[in-house]
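Numbering (this note's numbering), first residue to last: 15 to 86.
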Amino acid sequence: MVLAAPILLTCMVVGVVVTLLQAVTSIRDMTLTIVPKILAVGAVALLFGGWSLQVMLRFAHEIFAHIQNVGH
Numbered sequence: 015m016v017l018a019a020p021i022l023l024t025c026m027v028v029g030v031v032v033t034l035l036q037a038v039t040s041i042r043d044m045t046l047t048i049v050p051k052i053l054a055v056g057a058v059a060l061l062f063g064g065w066s067l068q069v070m071l072r073f074a075h076e077i078f079a080h081i082q083n084v085g086h
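Have a look at this one:
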């Protein structure tokens, strides 16, 4: 859950902001909702990619350590 939080929160915030902008300006264009989300998620993935990789690697090491302990 924590691992996906930065991307999910970014997508939610950008979606709400774009929806409010569309409601105010009466613009109903699908690309207006998709492009900002893609750009924001890409930026957040670049910012938090190192941290996410560390969390996933730590989890994998713990899982393999538990598997190794079960065998003995």
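Even glycine gets a Cβ: it sits at the ideal position worked out from N, Cα and C.
The structure presented is a predicted model; accordingly, all values stated were derived computationally and were not measured.
| When DSSP labels each residue in this structure, what does S66 get in the three-state scheme? | Numbered from 1 along the sequence shown, position 52 holds the residue referred to as residue 66. DSSP places S66 in helix when its eight states are reduced to three.
| message | The alpha helix (DSSP H) that contains I41, what's its start and end? | response | As a first step, residue 41 must be located in the sequence shown, where it is residue number 27. Premise fails: I41 is in no alpha helix (DSSP H) and is neither H nor E.
| task | Can you give me the Cβ contacts of R42 inside the same chain, cut-off strictly under 7 Å, excluding the 5 residues immediately before and after it? | result | The residue labelled residue 42 in the question sits at position 28 within the sequence shown. Within the same chain, Q36 come within 7 Å of R42 by CB-CB distance, once the 5 residues on both sides are set aside.
| Using the rule of at least 16 other Cβ atoms within 10 Å of the residue's Cβ for burial, across every protein chain shown, is T33 buried or exposed? | Along the sequence shown, one-based indexing puts residue 33 at 19. Its Cβ having fewer than 16 others within 10 Å, T33 is exposed.
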